[in-house]
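Q: For the sequence shown, the working numbering assigns the number 1 to the initial residue and increments by one for each residue that follows.
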Amino acid sequence: MQNFDALPVQDLEKTESLVQALGEERYLDLISLVPPEVEKILERYRVPEGTDSSILEFVGPDRRRDAHTLKGLAGNYGLSRLEHTAKALEAENLSDEELDLLLGRLQTCVAEIITIGNK
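1) With Leu-18 and Tyr-27 assumed to form a contact (beta carbons below 8 Å), what rounded beta-carbon distance in angstroms separates them?
2) Does Ile-114 pass the burial test, meaning 16 or more other C-beta atoms within 10 Å, or should it be called exposed?
3) Buried or exposed: Ala-86, going by 16 or more other Cβ atoms within 10 Å of its Cβ?
4) Hey, Arg-63 and Leu-82: beta-carbon distance below 8 Å or not?
5) Could you give the residue range of the alpha helix (DSSP H) that holds Gln-20?
6) Is it a yes or a no for the segment 32-46 touching the segment 99-109, going by three-plus beta-carbon pairs under 8 Å?
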């Protein structure tokens with residue numbers, strides 16, 4: 001897995017191109033739609049309080065489909081860190097620790113994307 005902190009939050013060239021094509025306001029409107037989508041996916045993987053996480057099964061194909069969707073969405077909007085994190089989440093065999101780490105990184109990406117919209 002790549003060093004998460006070393007990845008840029010945004011692909012500046014792609015972002016600049018999108019802002020030129022769409023206008024800054026429209027671009028910001030579009031990326032504001034991303035955090036709720038990530039949150040919906042994160043919700044599917046949250047362990048309900050009081051539940052033994054060892055009995056839960058994080059189904060590979062569903063997780064990989066969710067990750068693939070996020071990867072495409074992030075790539076289209078120039079959100080590099082989210083794109084790379086989603087790509088890592090697509091991996092076939094993730095340990096519980098790797099999955100937890102990646103889900104935490106997705107949450108960080110949500111906060112970063114919200115910050116972009118608040119600038």
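Every residue gets a Cβ at the ideal spot worked out from N, C-alpha and C, and that includes glycine.
A: Checking against the coordinates, here is how it stands:
1) Yes, Leu-18 and Tyr-27 are in contact; Cβ-Cβ is about 5 Å, under 8 Å.
2) Ile-114 comes out exposed.
3) Under this definition Ala-86 is a buried residue.
4) Contact annotation: Arg-63 and Leu-82 have beta-carbon atoms that are not nearer than 8 Å.
5) The continuous alpha helix (DSSP H) containing Gln-20 extends over residues 12-22.
6) Judged by Cβ distances under 8 Å, the segment 32-46 makes contact with the segment 99-109, as three or more pairs qualify.
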